[in-house]
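Keeping their order, the protein sequence lines are chains A, B and C.
Residues in the first sequence are numbered consecutively from 11, following the working numbering.
Residues in the second sequence are numbered consecutively from 111, following the working numbering.
Residues in the third sequence are numbered consecutively from 1221, following the working numbering.
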Amino acid sequence: MVEALQILLSGLVVGSIYGLVGVGFTGIYNVTGIVNFAQGDFAVVGALMTITLNLAGVPLLPAALLAIAITCALAAVVERMAIRPVRQDVIRGIIITIGIGVVIQGVAVIAWGTDAQPMPAFSGERPIEFFGATLLPQSLWVIGTAVALVGGLYVFFQHTYLGKMFRACAMNPFAARLVGMRVATMSAISFMLSGILGAVAGIIIAPIALTQYDSGLQLGIKGFVACIIGGFGNPIGAALGGLLLGILEAFAAGYVSSGYKNAIAFVLLLVFLFFRPGGLLGEMERASS
Amino acid sequence: MIPAAPVLEVEHVGVKFGGLSAVSDVSFTVRRGELLALIGPNGAGKTTLLNTMAGALAPTAGRIRFQDEPIENLPAHRVNALGIGRTFQAAEPFRHMSVRENVMAGGVAAAKIGLLPSLIGWGRAHGAMSELARKADELLAQIGLTARTDDPASVLTAGQRRLLAIARALATGAELLLLDEPGAGLSEAEKQTLVAIIRSLSAAGKTVLFVEHDMGFVGQLSQRIIVLDHGILIADGRPDAVRSDPKVIEAYLGRRRATPATLTPAPASSAAPRQTLLRVRNLAVEYGGQRALDNVSLDVKEGEIVALIGANGAGKSTLLKALARTESSRAEEMSFLGESIAAIGPDQVVMRGLGLVPEGRAIFASLNVLDNLMAGRYAARRMAGIASLLRPSKNEVLATQERLQAVYELFPILMERRDQLAGTLSGGQGQMLAIARALMAAPRLLMLDEPSLGLAPQVVEEIMSCLDRLRSQGLTILLVEQNATAALGIADRGYVLANGRVVKSGSARELRSDPAITSAYLGATNAGEPAANEPVAPARRAAALGSGAS
Amino acid sequence: MLRFLILALALAGSLLLNSGYFTNLLVIIGLHTLPAIGLALLMGYTGQISLGHAAFYGLGAYGAAILGRRLGLDPWLDILVASVIVAVIARWIGALVFRLRGHHLAMATLAFGIIVHIGLVELRDLTGGPNGLTGIPPLSIFGHKLTSDFAIFPVVWGACLLMMALAQNLVGSPLGLSMRAIAENERVAASVGTDVAAVKRHIMMLSGFMAALGGGLYAHYIGYLSPGPFDVGFSIRLLLMVAVGGFANIWGVLFGVVFITLIGELLKPLGSYDVIAYGALLIIVIIFFPRGLLEGLGGLLAHLKSPLLRGAK
């Protein structure tokens, strides 16, 4: 029983990260229709940059904020240079984001080498007791930040004017233009938002899971799975999907074998893609203009 | 005369998309060798019906039999193998293939060459390509595209693409041809060529069913016309009978009354000379080789309602989109309030006071009514600065309140339903929301694209009277409508569009009583009517289209 | 036909150079050309996307090795049998996956590739896990073992030329027209009688066969296998080769493989920079040279020439 609780907790922690990355996917997809295969790499860049700055003497929090800002700028550059030229063509867009992911990964290797990098935990390493199971303080940071971010995004998209206008832009880009929105700008902003989300996800999980140059692709795919499960469109959906995936993975690792745990995400992905084809786009429908 | 054997039997076919009935209980029979036209106003369900016959869509009710075999559940390629060929509204040649290869592609399925022989290259596959090429060349000669045989299909003109599509469908060995708007976007000369070719196909024993909007074209070709309106078959018979059928006329032009509608336009005379708000000279729009608009000029003066009427495909929507700058165009002049709008973006057009209520409403389905209305203030808020998007200034709050009040007064139902999701509104309510959203931006000139589309007559009347009220409050309106009666009922002036050109203009009163309007929509209806199978001579046809004096 | 002759002569000629390094390079190129052609048929000609093609290559390699070990099959035979089995698997995958479009299809193929990779690592009893299999016997002709680069060269390139010829025939056949029609517009292709789903399955089957053939030859050439090389990175490199080659161009694919392999060689001294180059190249090619590097550069040259000619007047 205690073991199950332990597994559940670790699943929640990892799942929060998947959820954050998934929300990042959703943000970009909703406005541009492109799935950003480099989403996971934003997380890696954020984390590795924070580590570097921290090691160079910058205190942890400013280092993190700076890293987030840099990743955000990177995302904007990606949108401008690589996505805009091929906006309409889905397959070319996919291949380009793959290329971007590869480049980011390559730069990461050069900048940080191939070894896993550690980051100090935000508030110490003393485990906390929780109904017989132990919890690292960092885990609370992860879950807390994820909840706060997703909650904040929910409030933004559902209850603020600008957030609603973003959603409108995704629902019907043609009508959005008619009320004066600049779709291209919205697209750039959504990329930057996704960059921020990705960077934060990478930073808060770094103290627990060592960050490495190639964690990006796997993280990205799992974030995508979170979206598929939860339905594109609603940040809550992606978050819940991520949690579900994290929990399932943890249980698989605990009771079956840790090697196969990665396969869970991909098998789930295939199951959802095959058995719910077309019905996976969630509540918000992208109207074709 | 013994009627020919039935080739296609459509029995009580219905198609539902969610709760919406696109086609209901349609039944008719097509006999071998017939030349049959399927007509109906925009949104009537013609292409949907065609898709069920071609196997591209399975009907939700009813059966379809081809040469006595049920085909309603067969996929498109099986339907084609049985002998039905079709073309698409947008012609859609295979752009990366040559003209000859396009036609050859049509013959591949019939040639039935498998994977292994294709890999090996000798034997059956070897001869098959030259055989396909030979047959393709024959067909190309038949339809007159021999000169273009080796050119890439992407360089063909619109008319040539339609011919290519027909040749490609013929290459499949089809006995029944379903043509979706074969004449759309074609010049007069190209249409004549098309008519001749379709006639020769019919003479050769093929059965042809085509969907069309150009009534002159229909008049020249068809022995029989089927009319669809709102998914229901309302007429089926010889051309002269159909054209004078009151149900058909009503479907196209809107309900005609003995006396003009209760709405009378504001008196045309006015003390002060009115400012020209919108001035367009020589506007042209091209879509992929096709001229959607050609040499269009118009003026809209302050305080007027100007109607733009014409059959579907005439270019009315394209014109509004070009003015709203969501469609690229070329024009000698395109100015609003004295300033050129030819090079600015659609968001700036809105900010200058030119609003568009698009065809099909285009509301934000997952936002509620109030949020949709607030979206209409986006341009104004952005003009006041980015910060205004985050937190509206006091002026903005006041302006929004004022606009909301005005809009709720005009459309009380929107106030009632302000918390309801816009996607759950009825058609009429959605249309009101779309208009209200555009009004939130306090435009000087409001353009509306087919507001009556898909709406019941009472709702149409309600909307028209709202537009009338808006005009009396000082708004200028440019109204695009297929429903000529409703539009001319409230307009001051009007322009008639046909095939991308302005063919007539004048005061609403003049146009209302002009028989040329009916002709523009339905073909000739007056004395001197040609016999059912006789083609309308070109001169008379030109008159029927209203290009000459009435 | 002439091109094949010239290529064969050129290849034979290269052997005369007696350069171990060069011959080794050409063998690698040949081994990569096989899956690349299959991918080109799938992506370039039939318009689908596959981000997991390394899986078929890996399945072919491991399949040949395992069949040879477990069933005692002669290397020639186990390559063939493995290739046929993988072809059937590919066909099934195709039947499942081609219902999807766009990024769903891309993700599904990516997921498939990764699942196979995980399987190769985890199924230790079968595949030897992360350490892989060793002691895979080489191919032999009349008792003479083909262990050196020079010996395996004709086998690899023989297979390549054969597959290229078959692919060329296919593209020039009626079925090739159907493939191109499907790539452009599935709806219209169906309306002229093409059984779109069946054609996609067939091509996927063929594509899987070619990749597996390459993998099987690789296994018996290298003599040992580990899951490492059969990862997403290889799938992406294959994608890059096909993209540089222009997607729908059999000879272009050969150019693409040569180009990427040479770049890989050039960048080796730079260590990890090669990954960046691959990524950047992919982006540049897709944005600026959608019809392949060769055609794109040719077009660029023509563009530059014309103002010069005009100036000369």
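The beta-carbon is built from N, C-alpha and C at its ideal position, and this holds for glycine as well.
Taking the Cα of aspartate 125 (chain A) as reference, the smallest distance to any Cα among A:Leu250, A:Phe132, A:Ala219 and A:Leu70 is reached at A:Ala219. Between the segment 1439-1446 of chain C and the segment 1352-1370 of chain C, the count of Cβ pairs shorter than 8 Å is three or higher; the stretches touch. Segment contact: the segment 573-580 of chain B against the segment 485-504 of chain B, fewer than three CB-CB distances shorter than 8 Å; contact not assigned. Each residue's CA atom was taken as its position, placing alanine 1379 (chain C) and leucine 1245 (chain C) some 16 Å apart.
Spanning the alpha carbons of methionine 163 (chain B) and glutamate 182 (chain B) requires a straight line of approximately 7 Å. Chain-order list of chain C residues neighbouring leucine 229 (chain A): empty, with the shortest C-beta distance near 13 Å, by a criterion of under 8 Å.
For lysine 126 (chain B), the enclosing beta strand (DSSP E) begins and ends at 116-127.
Per DSSP, glycine 1434 (chain C) is one residue of the alpha helix (DSSP H) stretching across 1416-1442. In terms of Cα proximity to alanine 268 (chain B), the closest of B:Asn482, B:Val507, B:Ser582 and B:Gln400 is B:Gln400. Counting only runs of 4+ residues, the alpha helix (DSSP H) found wholly inside the segment 463-500 of chain B occupies 479-485, 488-493 and 496-500, in chain order. Flagged as an interface residue toward chain A: proline 468 (chain B), by a C-beta distance shorter than 9 Å. For the segment 474-485 of chain B, residues whose beta-carbon sits nearer than 7 Å to a beta-carbon of chain A comprise Phe474, Ala475, Ser476, Leu477, Asp481, Met484 and Ala485.
Taken through DSSP and simplified to helix, strand or coil, leucine 555 (chain B) comes out as strand. Taking 9 Å as the threshold, the shortest C-beta distance from serine 1427 (chain C) to chain B does not fall below it.
The beta carbon of valine 1416 (chain C) falls within 9 Å of a beta carbon belonging to chain B, placing the residue at that interface. If the five residues before and after leucine 588 (chain B) are omitted, its C-beta is found closer than 6 Å to the C-beta atoms of Val410, Val416 and Met557, all from its own chain and listed in chain order. DSSP places isoleucine 1361 (chain C) in the strand class (E or B) of the three-state scheme. If you draw a straight line from the Cα of isoleucine 496 (chain B) to the Cα of glycine 190 (chain A), it is about 13 Å long. Met181, Asn182, Phe184, Ala185, Arg187, Leu188, Val189, Gly190, Met191 and Arg192: these are the residues of the segment 180-206 of chain A whose beta carbon lies less than 7 Å from some beta carbon of chain B, given in chain order.
In the displayed model, leucine 1445 (chain C) falls within a strand according to three-state DSSP. If you ignore the 5 residues before and after arginine 187 (chain A), its C-beta comes within less than 7 Å of the C-beta of Val193, all in its own chain and listed in chain order. By the neighbour-count criterion, in which 16 or more other beta carbons inside 10 Å mark a residue as buried, histidine 1422 (chain C) falls on the buried side.
Legend: CB atoms of the segment 1400-1415 of chain C lying less than 9 Å from CB atoms of chain B belong to residues Arg1400, Ala1401, Ala1403, Glu1404, Asn1405, Arg1407, Val1408, Ala1409, Ala1410, Ser1411, Val1412, Gly1413, Thr1414 and Asp1415. B:Leu145 is the residue among B:Ser131, B:Ser310 and B:Leu145 whose C-alpha sits nearest the C-alpha of glycine 329 (chain B). Close to chain C, meaning a Cβ-Cβ distance shorter than 8 Å, are the following residues of the segment 251-281 of chain B: Arg278, Ala279 and Ala281. With respect to asparagine 190 (chain B), threonine 282 (chain B) sits close: the two C-beta atoms are nearer than 9 Å. Chain-order list of chain B residues neighbouring leucine 172 (chain A): Leu499 and Leu500, by C-beta distance under 8 Å. Within the model, the alpha-carbon separation for alanine 216 (chain A) versus valine 152 (chain A) is close to 10 Å. Secondary structure within the segment 186-244 of chain A: the alpha helix (DSSP H) runs of 4 or more consecutive residues, fully enclosed, are 193-215 and 225-240 (chain order). Rounded to whole angstroms, glycine 34 (chain A) and alanine 79 (chain A) show a C-alpha spacing of 15 Å.
Counting other Cβ atoms within 10 Å of its Cβ, lysine 174 (chain A) reaches 16 or more and is therefore classed as buried.
Between valine 1341 (chain C) and glycine 269 (chain A) the beta-carbon gap is near 7 Å, inside 8 Å, which marks them as a contact. One alpha carbon belongs to glycine 1453 (chain C), the other to phenylalanine 132 (chain A), and they sit about 34 Å apart. CA-to-CA, the gap between asparagine 505 (chain B) and alanine 552 (chain B) works out to about 14 Å.
Identification of chain A residues near threonine 436 (chain B) by a Cβ-Cβ cut-off of 8 Å yields Phe184, Arg187 and Leu188, ordered along the chain. By the rule that beta-carbons nearer than 9 Å mark a contact, alanine 186 (chain B) touches chain C.
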